[in-house]
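Take a look at the structure below.
There are 2 protein chains.
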Amino acid sequence: MNPEPAPLDRVFHALADPARRTMLERLTRGPASVSELAQPLAMSLPAVVQHLAVLEDSGLVRSEKIGRVRTCQIEAGSLQRAEQWINDRRIAWERRLDRLGDYLARQSQDEGEDR
Amino acid sequence: MNPEPAPLDRVFHALADPARRTMLERLTRGPASVSELAQPLAMSLPAVVQHLAVLEDSGLVRSEKIGRVRTCQIEAGSLQRAEQWINDRRIAWERRLDRLGDYLARQSQDEGEDR
């Protein structure tokens, strides 16, 4: 078993919540303040701040406080790593199906020649 | 806020654990019994069965008991849905960066013409 980096655990955990996915979705359209992130969500500001902490902990989002406003923005690197992990698995799986298909095609060809 | 289907919550939750990712990784190479899945993991069989339940609940894996052996295999659809969600967000984010780049290029061109 290859020990995988903990960050991937945290990224997938962060993505497992619909409120956090909504926040990320907002941030793909550009940086936003915490209250802008809270706006479409039916929850208190402290709850949004907690979700933001999970997103920051995962490396998916970073925020910066300028004056009294905290501005959040997406960090594409973590998103890309999660996508890459899934993509690699899917490709491995599809290759296996292709090999299986080739094998079955050869089998039925051999059977045809035997007849 | 668009209510998203719960399955995506469960898929990302299932992916957030390294043991479950190792199990999935094994299954990309073909179907496996529960003890084959357990083999590279330093944990008890009941713990592996619990992880398997999470994977099945998420739709990433299905299993079938034939005689005394439970055989597990990957369900590519759920994996693809999770990948698609991330991919859509990443593309939205990259488009935004492209538009920003175009805007900045036009700005500096306009400034050049003003000089």
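Chains as they are written, first to last, in the numbering used here: chain A, 185 to 299; chain B, 185 to 299. The C-beta atom is built at its ideal place from N, Cα and C for all residues, glycine as well. Nothing here was measured: the structure is a model prediction, and the numbers come from that model.
- Sequence-distant Cβ neighbours of glutamate 240 of chain A in its own chain, meaning closer than 7 Å and more than five residues away, are Arg246, Ser247.
- Between glycine 214 of chain B and chain A, the shortest Cβ-Cβ separation is below 8 Å.
- Contact annotation: the segment 261-277 of chain B does not touch the segment 223-237 of chain B, with fewer than three C-beta pairs closer than 8 Å.
- Here glutamine 257 of chain B is bridged, per DSSP, to B:Arg246.
- Interface annotation for the segment 260-293 of chain B against chain A: Ala260, Leu263, Gln264, Ala266, Glu267, Trp269, Ile270, Asn271, Asp272, Arg273, Arg274, Ile275, Ala276, Trp277, Glu278, Arg279, Arg280, Leu281, Leu284, criterion Cβ-Cβ distance under 9 Å.
- In terms of Cα proximity to glutamate 259 of chain B, the closest of A:Arg265, A:Leu281, A:Gly214 is A:Leu281.
- In the DSSP annotation of this structure, the continuous segment of the alpha helix (DSSP H) that includes methionine 207 of chain A starts and ends at 202-211.
- For leucine 225 of chain A, there is no enclosing alpha helix (DSSP H), as DSSP marks it with neither H nor E.
- Listed along chain B are Arg273, each with a C-beta nearer than 7 Å to that of glutamate 209 of chain A.
- The Cβ neighbour count for arginine 283 of chain A, taken over all protein chains shown within 10 Å, is under 16; the residue is labelled exposed.
- It is roughly 14 Å from the alpha-carbon of threonine 206 of chain A to the alpha-carbon of serine 217 of chain A.
- Bridge pairing for alanine 198 of chain B: absent [DSSP].
- Of all residues in the segment 235-248 of chain B, none places a beta-carbon less than 7 Å from a beta-carbon of chain A.
- According to DSSP, serine 217 of chain A shares a beta bridge with A:Thr255.
- For leucine 199 of chain A, the nearest beta carbon of chain B is closer than 8 Å to its own beta carbon.
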